[in-house]
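Asker: One structure is given below, represented as structure tokens, and several questions about it will come after.
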Ligand SMILES: Cc1ncc(COP(=O)(O)O)c(C=O)c1O
């Protein structure tokens, strides 16, 4: 069986974790500090604050820029529920926007329709590893929280994603671009936001005047993150190579392939095709030993019984995520393309 996702952990990663465990200093310490500096330097921001997950990163990101009770936060409907819950944690009200069907990223036009005088932030995920049109969103004049959970290393006009917004949030969950098992980070250039992030991340020896959390990362997670970060460029190259192989193999299939725009170098966190008989293809692939998945289980508006999100609906109906990760072997890639070429509809000649 070829799984849908799988982390790549090598001997060097294991040795890095093992060294920290042997040191006796296993909670948040110098390695976390080093990891924060390494990620912020890589992305090109002044500050990094490591934390326990992408969801805690989004929560801290929102409260650090002053989002609170009664404020509204705009986000796409076609995303996992993490940004929704992070907004509720901040006491704010999530407002859902539709996406562009082409690249699954938030639609600027739809965002405009959901702005109000109560809007305090827009959460902007760079979906499946491809940058969104961040310039157009920045021009709206509302603080942007970039959600880079799926896009560490992706670029927009030659600049790393995560360096555009007021704050940006990353996830290092097991299957992300790099992993610390669970984990996250917030990046910013603003000293004021940085101080708040550090203030809220943990509770010890601090005033009771505002709510504090325990969202810390451990040093053994950070050691894994540092070791993984060294391999990120290789991971991205391998993902792009696999995407290229898929693009070539599926070029005569009657499906929509992921778009890659030269100004937005995708890191292919996911390789998502659009196919009309998606559920059948997914089941038949599974019967042949290949796990493909709906990349987003359900659009958020459908949980809430809301209407008016046609692109999110179409994306939910048709998209299928095909395994793409650095540890896939050439034999596995061959099996994936052969299996899917047999199942996918062909273009009429
Ligand atoms: C776009 C997006 N935002 C946030 C998250 C949440 O990250 P975590 O699972 O680390 O809390 C994820 C995780 O899948 C994600 O894909």
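Residue numbers (the numbering used here): 224 to 572. Beta carbons: idealized from backbone N, C-alpha and C, even for Gly.
Residue 396 and residue 406 - do their beta-carbons sit closer together than 9 Å?
Answerer: As a working mapping, residue 406 is identified with position 183 in the chain shown. As a working mapping, residue 396 is identified with position 173 in the chain shown. Yes, Cβ-Cβ distance for residue 406 and residue 396 is below 9 Å.
Asker: Between which two residues does the beta strand (DSSP E) carrying residue 298 extend?
Answerer: As a first step, residue 298 is located in the chain shown; it is residue number 75 there, counting from the start. Note, residue 298: beta strand (DSSP E), 295-299.
Asker: Got a sec? Which residues, its chain only, sit under 6 Å from residue 487 by beta carbon, not counting five neighbours each side?
Answerer: Taking the first residue of the chain shown as position 1, residue 487 is located at position 264. Non-local C-beta neighbours of residue 487 in its own chain, meaning closer than 6 Å and more than five positions away in sequence, comprise 353, 354, 379, ordered along the chain.
Asker: Report all residues from its chain with a CB closer than 6 Å to the CB of residue 461; omit the five preceding and five following residues, and keep chain order.
Answerer: By 1-based counting over the chain shown, the position of residue 461 is 238. The residues are 549.
Asker: Three-state secondary structure (DSSP) at residue 558?
Answerer: Start at 1 with the first residue of the chain shown, and residue 558 comes out as number 335. Helix.
Asker: Please report the straight-line C-alpha distance between residue 236 and residue 280, rounded to a whole angstrom.
Answerer: By one-based count along the chain shown, residue 236 stands at place 13. By one-based count along the chain shown, residue 280 stands at place 57. Roughly 24 Å between the two C-alpha positions.
Asker: Leaving out five residues on either side along the sequence, give the residues of the same chain with a beta carbon under 7 Å from the beta carbon of residue 232.
Answerer: If you number the chain shown from 1, residue 232 lands on position 9. No residues qualify anywhere along the chain.
Asker: To which residues of the same chain is residue 470 closer than 7 Å at the C-beta, ignoring the five residues directly before and after it?
Answerer: Here residue 470 is taken as the residue at index 247 of the chain shown, counted from 1. Answer for residue 470: 480, listed in chain order.
Asker: With a cut-off of 8 Å, do at least 3 Cβ pairs link the region 439-448 to the region 525-538?
Answerer: No: fewer than three Cβ pairs fall under 8 Å.
Asker: Would you mind stating whether residue 543 and residue 518 have Cβ atoms separated by less than 9 Å?
Answerer: For this step, residue 543 is matched to residue 320 along the chain shown. For this step, residue 518 is matched to residue 295 along the chain shown. Yes.
Asker: Give every residue of the same chain whose Cβ lies closer than 6 Å to the Cβ of residue 516, excluding the five residues on either side of it in the sequence, and list them in chain order.
Answerer: Residue 516 sits at position 293 when you count from the first residue of the chain shown. The residues are 227, 544.
Asker: Closest to residue 562 by C-alpha separation, out of 541, 513, 553, 554, would be which residue?
Answerer: Numbered from its first residue, the chain shown carries residue 562 at position 339. When each option's Cα is compared against that of residue 562, the closest is 513.
Asker: Over what stretch of residues does the beta strand (DSSP E) that includes residue 408 continue unbroken?
Answerer: Against the chain shown, residue 408 aligns to sequence position 185. From DSSP, the beta strand (DSSP E) with residue 408 extends over 407-411.
Asker: Are the region 293-306 and the region 327-344 in contact at 8 Å, needing three or more beta carbon pairs?
Answerer: yes
Asker: Using the rule of at least 16 other Cβ atoms within 10 Å of the residue's Cβ for burial, across every protein chain shown, is residue 491 buried or exposed?
Answerer: Residue numbering aside, residue 491 sits at position 268 when the chain shown is read from its first letter. Its Cβ being crowded by 16 or more others within 10 Å, residue 491 is buried.
Asker: Which residues bound the beta strand (DSSP E) around residue 280?
Answerer: Here the question's residue 280 lines up with position 57 in the chain shown. Careful: residue 280 lies outside any beta strand (DSSP E), inside the alpha helix (DSSP H) at 277-287.
Asker: Using beta-carbon positions only, say whether residue 452 and residue 401 come within less than 9 Å of one another.
Answerer: Here residue 452 refers to the residue found at position 229 of the chain shown. Here residue 401 refers to the residue found at position 178 of the chain shown. Yes. Within cutoff.
Asker: Whose C-beta lies closer than 8 Å to the C-beta of residue 242 among residues of the same chain, with five residues either side of it excluded?
Answerer: Indexing the chain shown from 1 puts residue 242 at position 19. Within the same chain, residue 242 has close Cβ partners 446.
Asker: With respect to 8 Å, is the separation between the Cβ of residue 394 and the closest non-hydrogen atom of ligand 1 below this value?
Answerer: The count along the chain shown starts at 1 and reaches residue 394 at position 171. It does: the Cβ of residue 394 is within 8 Å (strictly closer) of some heavy atom of ligand 1.
Asker: Straight-line CA distance for residue 404 to residue 361?
Answerer: Position 181 of the chain shown, counted from the start, is the residue given in the question as residue 404. Position 138 of the chain shown, counted from the start, is the residue given in the question as residue 361. Roughly 32 Å separates the two Cα atoms.
Asker: Do the CB positions of residue 301 and residue 466 come within less than 9 Å of each other?
Answerer: Counted from its first residue, the chain shown places residue 301 at position 78. Counted from its first residue, the chain shown places residue 466 at position 243. Not in contact: residue 301 and residue 466 (Cβ atoms no closer than 9 Å).
Asker: At least one CB of chain D closer than 9 Å to the CB of residue 294: is that the case?
Answerer: Note that chain D does not occur in the displayed structure, where there is just one protein chain.
Asker: Going by C-alpha to C-alpha distance, which of 370, 313, 376 sits closest to residue 388?
Answerer: One-based indexing of the chain shown puts residue 388 at position 165. Comparing Cα-Cα distances from residue 388 to each of 370, 313, 376, the minimum goes to 370.
Asker: Touching or not, the region 249-259 and the region 432-440, by the rule of three or more beta carbon pairs under 8 Å?
Answerer: The count of Cβ pairs closer than 8 Å, one atom from the region 249-259 and one from the region 432-440, reaches three, so the stretches are in contact.
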